[in-house]
Amino acid sequence: MGPPPPSSARRCAIERPAGSGKSSGVAGCTGAVTSSPSRPPHPALSATTNTARAISETRLPDVQVTPPSVRDPSGRGAGRRTRRGRVAASGRHERGKALAERAALITGGSSGIGLAVARMLGQEGYGLTVSARRPDKLDSAAEELRGEGLEVESVPTNMVDEQEIKDLVAAHQQRFGRLDVLVNNAGVGIGGPVAEHETKKLDMQINVNLRAVFLTTREALPMLKEAGGEHGKALIANTASIAGKHGEGWLAAYSATKAGVVGLTQALHKEHGEDGIQATALCPAFVATPMTDWVDGVPKEEMIQPEDIAEAVRYLLRTSPACIVPEMQFIRPGDAL
């Protein structure tokens with residue numbers, strides 16, 4: 100993605116931590132892009148401000164729908180995940196089984212795009228498992244969804260930890276027994292010039308943005324294959340980024356991981372299309388989430404909305420098994436393609 104013309108707003112977002120006067124990051128769906136204090140951002144990243152900005156992302160899920168007709172009005176989870184990832188049953192549902200006829204798993208589901216997509220899927224009748232790294236934010240989001248009458252299991256997960264990813268998928272299976280839609284939405288971005296990029300920051304982005312998507316998908320494939328065989332369609336929606344289509348200066352590592360997500364999505368389609376599994380890469384630009392609160396010069400109402408991404412996923416739910424949507428790009432008016 101080359102720099103936009105001077106008159107167009109950047110596809111970037113700033114995150115600033117509470118109580119801090121400094122910009123700390125750029126949002127992926129659930130992650131933040133942090134900036135290096137030792138050097139100002141590359142000029143290509145400055146448009147409406149001189150502050151460094153990171154690419155905003157999206158996530159989406161899907162599967163063909165006949166919405167479940169029965170939901171658990173309470174929507175309470177069957178268990179809480181312990182520090183070691185074990186699930187302690189609450190007794191809310193006998194033997195951990197849920198009432199939803201179809202189910203979705205959304206990583207990075209505590210805010211922004213992930214939360215909007217989870218809400219839409221719940222309204223369509225899907226039982227939901229949502230995960231995020233911070234238990235407090237995740238619990239708040241889950242209670243919000245349950246208050247709307249949706250059936251929700253919340254599982255705090257560190258996406259860098261392979262065992263926690265396995266525990267996440269196992270917790271979903273224990274609660275719902277099936278998986279029709281997998282939304283790989285968790286992500287993180289860390290900005291900085293290649294010459295100064297620390298190895299630990301490179302590793303973090305590779306692990307969360309690409310490795311975790313691969314591992315979560317691998318663990319979920321048996322359930323997705325069952326759903327694809329039953330209905331002719333199951334969905335994997337991977338949140339990539341417009342930066343994964345057009346590499347961004349000062350975001351080289353981030354861009355590379357998101358390009359990897361696009362490539363992985365294409366490979367999944369080729370490997371598992373005959374299993375009834377569809378895979379779509381979501382490549383958004385600037386989205387109005389809490390992580391873009393500190394962006395100058397672009398009113399929230401002029402940004403892509405999280406609900407726009409959710410509506411795109413709703414479209415994916417309604418396409419026939421014969422219609423494949425390998426990729427979706429989301430940009431603002433005037434942004435260069």
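Per this note's numbering: the sequence shown = residues 100 to 436.
We put the CB at the ideal spot given by N, CA and C, even for glycine.
All values reported here derive from a predicted model rather than from experimental measurement.
Proximity of residue i and residue j at Cβ, strictly below 8 Å
i	j	result
I441	I212	Since the first and last residues shown for the chain are 100 and 436, residue 441 lies out of range.
L281	A319	yes
T315	N284	no
G286	T338	yes
R233	S209	yes
A352	I289	yes
Distance, residue j Cα to residue i Cα
i	j	result
E275	A435	Note that residue 275 is Phe in the sequence shown, not Glu. Going by the C-alpha atoms only, they are around 43 Å apart.
I305	S253	25 Å
A202	E295	43 Å
P420	G372	10 Å
H330	E297	46 Å
E366	L237	The amino acid at residue 366 is misidentified as Glu; the sequence shows Ala. A366 and L237: Cα-Cα distance of roughly 31 Å.
L317	H368	As written in the sequence, residue 317 is Arg, which differs from the Leu given in the question. About 13 Å.
T418	E200	19 Å
G328	D235	37 Å
C422	V216	21 Å
F313	A355	15 Å
E370	L415	20 Å
P405	V361	20 Å
G226	K265	19 Å
D395	G348	20 Å
S135	M303	Here S135 scores only 39 on pLDDT, less than 50, and its place in the model should not be relied on; the value that follows carries that caveat. S135 and M303: Cα-Cα distance of roughly 15 Å.
A387	L334	25 Å
P432	E400	12 Å
D374	I403	33 Å
Nearest-angstrom Cβ-Cβ length linking residue i and residue j, presumed shorter than 8 Å
i	j	result
K332	Q377	6 Å
A336	M258	Incorrect: roughly 16 Å between the Cβ atoms, too far for contact.
Spatial neighbours of residue i in its chain, beta-carbon cut-off 7 Å, leaving aside the 5 residues before and after
i	result
M427	T379, L381, C382 and A411
P398	none
L438	Because residue 438 is not part of the residues shown, which for the chain are 100 to 436, the question remains open.
K357	N308, A339, S340, A342 and G343
V424	T379, L415 and T418
V293	A351
E261	L314
Same chain, Cβ closer than 6 Å to residue i, neighbours up to 5 away in sequence not counted
i	result
T256	S230, E263 and L267
I430	A384
G346	S354
G359	L309
L301	A352
Contacting residues, own chain, Cβ-Cβ under 8 Å from residue i (five flanking each side not counted)
i	result
R79	Outside the modelled stretch of the chain, which goes from 100 to 436, sits residue 79, for which no answer is possible.
S239	S209
R413	M219 and E223
F228	Residue identity differs from the one stated: residue 228 is Thr in this sequence, not Phe. Only A202, A203, L204, I205, V251, E252, S253, V254, L267, A270, H271, R274 and F275 meet the Cβ criterion.
K299	none
Complete runs of the beta strand (DSSP E) confined to the segment 244-295 [at least 3 residues]: 251-253 and 280-283
With a floor of 4 residues, list each alpha helix (DSSP H) that falls wholly inside the segment 346-428, ordered by position along the chain. 351-371 and 405-417
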